[in-house]
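2 protein chains.
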Amino acid sequence: MGEGRAWLLVGNIAAMDVDQLGPDAFADLRRVVDGRWADVRAAVREQLPPEWCRPVGDLDREAQRAVTLERAKVLAGWDLPRRGFEKAYGGEDDIGGSMTLYEMLGLVDLSLMVKAGVQWGLFGGALQALGTRKHHERYLPQMMTLELPGCFAMTESGHGSDVQSLRTTATYDVERQDFVICTPDDDARKDYIGNAARDGRIAVVFAQLVTQGESHGVHAVLVPIRDERGEPCPGVRIEDCGHKGGLNGVDNGRIWFDDVRVPRDALLDRYGQVAADGTYSSPVESRSQRFFTMLGALVRGRVSVGGAAAAAAQASLAIAVEHGENRTQFARPGSDGEVTVLDYLAHQRRLLPALATSYALHFAQGELTSDLHDVQTGGTDDDARQRELESRAAGLKAISTWHATATIQGCREACGGAGYLSVNRLVQLKADSDVFTTFEGDNTVLMQLVAKSMLTSYRDHFGELDTMGTVRFLADQVVETVLEKTSARGLVDRLAAAAPGRDDDVNLLDRDWQRELFEWRESHVVAGLARRLRRAAKGDGADMFEAVNRVQAHSLRAAHAHVHRLVLEAFSAAIDRCDDEDAKALLGRVCDLYVLAEVESDRGWFLEHGRLTPALAKAVGRAVDDLCRDLRPHARTLVAGLGIPKEWLAAEVAKAGSS
Amino acid sequence: MGEGRAWLLVGNIAAMDVDQLGPDAFADLRRVVDGRWADVRAAVREQLPPEWCRPVGDLDREAQRAVTLERAKVLAGWDLPRRGFEKAYGGEDDIGGSMTLYEMLGLVDLSLMVKAGVQWGLFGGALQALGTRKHHERYLPQMMTLELPGCFAMTESGHGSDVQSLRTTATYDVERQDFVICTPDDDARKDYIGNAARDGRIAVVFAQLVTQGESHGVHAVLVPIRDERGEPCPGVRIEDCGHKGGLNGVDNGRIWFDDVRVPRDALLDRYGQVAADGTYSSPVESRSQRFFTMLGALVRGRVSVGGAAAAAAQASLAIAVEHGENRTQFARPGSDGEVTVLDYLAHQRRLLPALATSYALHFAQGELTSDLHDVQTGGTDDDARQRELESRAAGLKAISTWHATATIQGCREACGGAGYLSVNRLVQLKADSDVFTTFEGDNTVLMQLVAKSMLTSYRDHFGELDTMGTVRFLADQVVETVLEKTSARGLVDRLAAAAPGRDDDVNLLDRDWQRELFEWRESHVVAGLARRLRRAAKGDGADMFEAVNRVQAHSLRAAHAHVHRLVLEAFSAAIDRCDDEDAKALLGRVCDLYVLAEVESDRGWFLEHGRLTPALAKAVGRAVDDLCRDLRPHARTLVAGLGIPKEWLAAEVAKAGSS
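Residue numbers (our numbering), protein chains in the order written: chain Y, 2 to 660; chain U, 2 to 660.
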């Protein structure tokens, strides 16, 4: 270690021999990592057959689907999937527990995770959230046992992100007192619907509700799609989406409705009722608010997808770290042996910052799950809290799924040819998790929603991305507030002036300094975004589109900065929850690596904004090197700390065919 | 366009209506893109059945292998594969033509590309390069027609990158005048060998040659592995590598040799002979030089892999751009319609810089192919030129394959759910090309070799990565030279002082400024690397390993800077080859985008080293935005410019299931 970096020696955990962390310290680490739903994690580890982790790439599509359905039936036999539902129907009101189950499935079998998520998360969740007692009594029990496999038919070929523009219609026929479900054209066919191509018997269909000649926006209607023998119902046409890049155990399909009639009580009518005479009523006055209240049901899906993706990244890191410890290549100077590849700095650089970030995202996910549970079971109607939760779920879903994609890819490459063999799991984890960045909300769209919610301080509805309306709203009111709050240029100048970036003696491992840096980035970017949008608001029409389009990168950056600030807070809180000092020290060092690797990857921005001096930016890079070296002896301990049963990992991450 | 960026209006091609580039200008663009082997490209476009582009994900492994072999047989019937061989054996001495064929297969079917590369590139190439007349006469004709499917058995489970440490032995038995081929243990089994699991009948086996009790290092021996009926030969054990993340049309396998005997003339003896009495002789005196001369045969493999990966990225971009032009989402302010997704800046940012880089790499690949052809057919023994070629091939292979991995991933995400459907090709292109970053030389290892060759000015052997030896050599001689040449700190200081980064009025589109920037980066990084290595050389043993390990990141950066400097030179030269002014202007703008996107992604480094001011770094980011907007109307023209037949692209990049 060169001069000027003596700080790294302060509390250097390398001297602590954390590898023999001691049973108490390790137990404390495991306790903090497992968190609030440790019982669910323990039950899943106990109950889940390790062979479910074996790759299925050699099975054809139909065989994979059969395997997945079989496993889902086994799951249905446990008490886990029904935990998230009301006690009245055999559940436990344990939403956090059900989220934890999905997260754990991400370590194991992502097709199963998605199949389960479709059935109990989306289909069951929509029944629960959008339906009323009559629907609950009739459908929830069969839904939970999987006797009634269902679909969540929202996305259409022409409209995915823009749900408000769906074009399927549910028109009330007052004569026959039923709804007529209609797909006007191929653009409006339901697309990519899980459970549709093979197993689904009924679908929650999102459609524009029309009654008495008036449209009331998107509502959900229960429509049977297959009969007892598995044949499509009259008027229903179903097509298979075919082979996909992964998740081939999930039977995605397309559905067309040709004037399919369903009774009046098929409408999931919690937020909108149609009386026998066709009169529409709703407890939620504003049409827009009603729509976003209904969409709130999606929050669980996003929470579970983000959690499962992060889990898949954890499994990959566990595999790649084990490979890195076993594999040797090239003679080691000064010895007869060869170099263990994890001893190469370039190899550490590939795996250890990603491992640190995995810890960070894990704690953020735990907090999100916990807050989701409290909000949804607390009976609170705190709208702001709900909006904040939706924004956080969207942002963390995007960051976690991008992290998973990059991390699993990096693990595959770090394992060389061995990483490319299906038996070692990485390629299937990559292929299966790949779509997570674009489903349950495209990440780029989600990040823009997060940015919007930052500007509007959650006062507006989360989920709406109407450029013109947003900009007008911002122009009228909110930007002023944001600018006031941050004092716009004034604040920026003050922050820049006060920037410790000027001071090269800063302690990069000082958590307060790290936190301030993340906060500064967030407030600086959001203030800049607000200023730009205010300018954009002066335009009109096409001009305005161009102006708003120009700030897309700023929006994405604002959301990125926001999410990482929250993630760092969650990590800090987790460290505080450690009772054992050794466990605390180790986690602290992992947090340092997460923070500094993030700062390093964004150092261009920090330098551009005068927040880091060139000397300090270089010091950050060196600190990441140093932290990798410090943590390298503890790589296996850190993997073990994640609590993934050894039998769940790849069987043969041997030395085969690697670099 | 804001103030201070008037330069973008100078020669702004948006005003040129390049979309209707005019038949002459477009033809000129196509001529420059197709380059020296336009005839091969035309022939492949003409002869290749478009159905070969269809994804095969729904076929099982055996069926995929059968399809691939069938296609390889069709290929064998054309004159293309044999082009690269000597005229005496039915070839055309057209190495460039054969490289171009492999590159084109990258647009179509990567399993076929690899299967063909194994047969005609690696197996045939080794026969040609390492064998002598007796081998050529006996095997080349059957090899070319695919009557004799062969393997290139180099990699072992325990040693991939470190070929010199292979542990299979070929021991000469003077009594029986034959070689005994032996696999000492599982660590030394041949692994990941293409053509081994199913089709291969004979293998070029790389083994430590032992005669008269003395080892002479790695040599290649021809060993039959299967008989006429397809059964493994006595003493040969073969195992299937099983399902892989992609390339399942290629039958990779493992091979063990249990004292298998082959006659004395089975030794490919161009660079090392064993007389009947067991006396060893070689025209190449130094054992190390002999090894690297033999390894020189690998250069064609690396050239073809880099080219095929770049082609796969081109195909992906063509698909994603078409999707981006067809797909709409969210209402467009000031109109009744929706926004075409390619109009979103974030979408342009994903695709257009990657498209520009694809053009850049395409021209660099063309130059590499051309130089390879000239060096290998020119009968020259210019060692320095050969070493430079090997270094360039390794560096471009690494940059092109990483580019392909990132670009195809980005295209998949840009197409949302549609991108995840196999029918749209992207997921298969991704899965098949994924291993390209770690086979035919792991990218990280290759980049370090490139860095080493930069330091030693190609005077040392390319391909050796012996830490201690390298460092000692550097310490003794070369670093001094490098430091002298670049005047070490002196030069750096001078460059920094002269850095136009201080001047915010710089014209970012000035090609000379761009070139100087790339050159400055390269010389600055290599000088810093040399200084660090000199310091490292003062240590010993384990210390030295640590010291050298610390500069890994610098090595990778040096190689990165070096390759991009060469790529920019190739792009500039291609622009100069345009006769038509409109074509030249369009390509020039594409080159600007390539350069500035690269500068933007590395702006942290430029800022740290005082080569860009914060203001200029921000201007680079804005310029990338501006160039994306300028080039956006020409996206389809640029895709068309690559000359990929429309029938080769995805059939259904419709609007289905996208974001």
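Cβ coordinates follow ideal geometry from the N, Cα and C atoms, glycine included.
All of these numbers come straight from a predicted model, not from anything done at the bench.
{"Check": "Identify the contact partners of residue 551 (chain U) in chain Y, using a Cβ-Cβ distance below 8 Å as the criterion.", "Outcome": "346, 626"}
{"Check": "Any idea what DSSP makes of residue 417 (chain Y), helix, strand or coil?", "Outcome": "helix"}
{"Check": "Which residues of chain U have a Cβ atom closer than 7 Å to the Cβ of residue 315 (chain Y), listed in chain order?", "Outcome": "Result: empty, since nearest Cβ-Cβ is about 19 Å, beyond 7 Å."}
{"Check": "Spell out whether any CB of chain Y is found under 8 Å from the CB atom of residue 162 (chain U).", "Outcome": "yes"}
{"Check": "Whole angstroms are fine: how far does the CA of residue 300 (chain Y) sit from the CA of residue 394 (chain Y)?", "Outcome": "7 Å"}
{"Check": "Could you check whether the Cβ of residue 330 (chain Y) sits closer than 8 Å to any Cβ belonging to chain U?", "Outcome": "yes"}
{"Check": "Do residue 172 (chain U) and residue 181 (chain U) have their CB atoms nearer than 8 Å?", "Outcome": "yes"}
{"Check": "Going by DSSP in three states, residue 563 (chain Y) sits in which element: helix, strand or coil?", "Outcome": "helix"}
{"Check": "Using 8 Å as the limit for Cβ to Cβ distance, is residue 414 (chain U) near chain Y?", "Outcome": "yes"}
{"Check": "Which same chain residues end up closer than 7 Å to residue 275 (chain Y) when comparing Cβ atoms and leaving out the 5 residues on each side of it in sequence?", "Outcome": "173, 212, 265, 268, 281"}
{"Check": "From the DSSP secondary-structure annotation, give me the bridge partner or partners of residue 274 (chain Y).", "Outcome": "Y:282"}
{"Check": "Can you find the residues in the same chain that come closer than 6 Å, C-beta to C-beta, to residue 310 (chain U), ignoring five residues on each side of it along the sequence?", "Outcome": "401, 402, 405, 434, 437"}
{"Check": "Should residue 432 (chain Y) be flagged as near chain U, meaning a C-beta pair shorter than 8 Å?", "Outcome": "yes"}
{"Check": "Keeping to the same chain, check which residues put their C-beta closer than 6 Å to that of residue 591 (chain U); ignore five residues upstream and five downstream.", "Outcome": "357, 360"}
{"Check": "Using a Cβ-Cβ distance under 8 Å, would residue 355 (chain Y) count as near chain U?", "Outcome": "no"}
{"Check": "Considering Cα atoms alone, identify which of Y:510, Y:538, Y:551 is closest to residue 588 (chain Y).", "Outcome": "Y:510"}
{"Check": "Flag this pair as yes or no: are the beta carbons of residue 408 (chain Y) and residue 343 (chain Y) separated by less than 8 Å?", "Outcome": "no"}
{"Check": "Return the residues of the region 57–77 of chain Y that lie within a Cβ-Cβ distance of less than 7 Å from chain U, sorted by chain order.", "Outcome": "58, 59, 61, 62"}
{"Check": "Closer than 7 Å, Cβ to Cβ, to anything on chain Y: give me those residues from the region 233–247 of chain U, in chain order.", "Outcome": "242, 243, 244, 245, 246"}
{"Check": "Can residue 346 (chain U) be considered in contact with the ligand NAD, in the sense that its beta carbon sits closer than 7 Å to one or more heavy atoms?", "Outcome": "Looking for the ligand NAD in the displayed structure turns up nothing, as the structure carries no ligands at all."}
{"Check": "Would you call residue 514 (chain Y) buried or exposed, if buried means 16 or more other Cβ atoms sit within 10 Å of its Cβ?", "Outcome": "exposed"}
{"Check": "Starting from residue 663 (chain Y), follow the alpha helix (DSSP H) in both directions and report where the run begins and ends.", "Outcome": "In the structure as shown, chain Y starts at 2 and stops at 660, and residue 663 (chain Y) therefore has no counterpart that could be examined."}
{"Check": "Note down the Cα distance separating residue 656 (chain U) from residue 193 (chain Y), rounded to an integer number of angstroms.", "Outcome": "Because residue 656 (chain U) carries a pLDDT of 41, less than 50, the predicted location of this residue cannot be relied on, and no value is offered for it."}
{"Check": "Using a Cβ cut-off of 8 Å (strictly closer), state whether residue 10 (chain U) contacts chain Y.", "Outcome": "Reliability of the predicted coordinates at residue 10 (chain U) is poor, the pLDDT of 30 falling under 50, and no value is obtained from them."}
{"Check": "Using DSSP bridges, identify the partner residues of residue 349 (chain U).", "Outcome": "Its beta-bridge partners do not exist; DSSP assigns none."}
{"Check": "Whether or not the region 97–108 of chain Y and the region 359–373 of chain Y are in contact is what I'm after, with contact meaning three or more pairs of Cβ atoms, one per stretch, closer than 8 Å; do they touch?", "Outcome": "yes"}
{"Check": "Assuming residue 273 (chain Y) and residue 324 (chain Y) are in contact, meaning their beta carbons sit under 8 Å apart, how far apart are those beta carbons, in whole angstroms?", "Outcome": "About 54 Å; that fails the 8 Å criterion."}
{"Check": "Does any residue of chain Y have a CB that is nearer than 8 Å to the CB of residue 422 (chain U)?", "Outcome": "yes"}
{"Check": "Within 10 angstroms of the Cβ of residue 642 (chain U), are there 16 or more other Cβ atoms? Answer buried if so, exposed if not.", "Outcome": "buried"}
{"Check": "If you reduce the DSSP assignment to three classes, tell me which class residue 199 (chain Y) lands in.", "Outcome": "coil"}
{"Check": "Between the Cα of residue 85 (chain U) and those of U:41, U:536, U:111, U:50, spot the shortest distance and give me the residue it belongs to.", "Outcome": "U:41"}
{"Check": "Among U:35, U:390, U:532, U:425, which has the Cα closest to the Cα of residue 322 (chain U)?", "Outcome": "U:425"}
{"Check": "Using the beta-carbon of each residue, which ones in chain Y are nearer than 8 Å to residue 618 (chain U)?", "Outcome": "605, 608, 609"}
{"Check": "Thinking C-alpha only, which one of Y:443, Y:338, Y:235 is nearest residue 164 (chain Y)?", "Outcome": "Y:443"}
{"Check": "Please confirm whether residue 50 (chain Y) and residue 423 (chain Y) have their CB atoms less than 8 Å apart.", "Outcome": "no"}
{"Check": "Count the other C-beta atoms from every protein chain shown that fall within 10 angstroms of the C-beta of residue 176 (chain Y), then say buried if there are 16 or more, exposed otherwise.", "Outcome": "exposed"}
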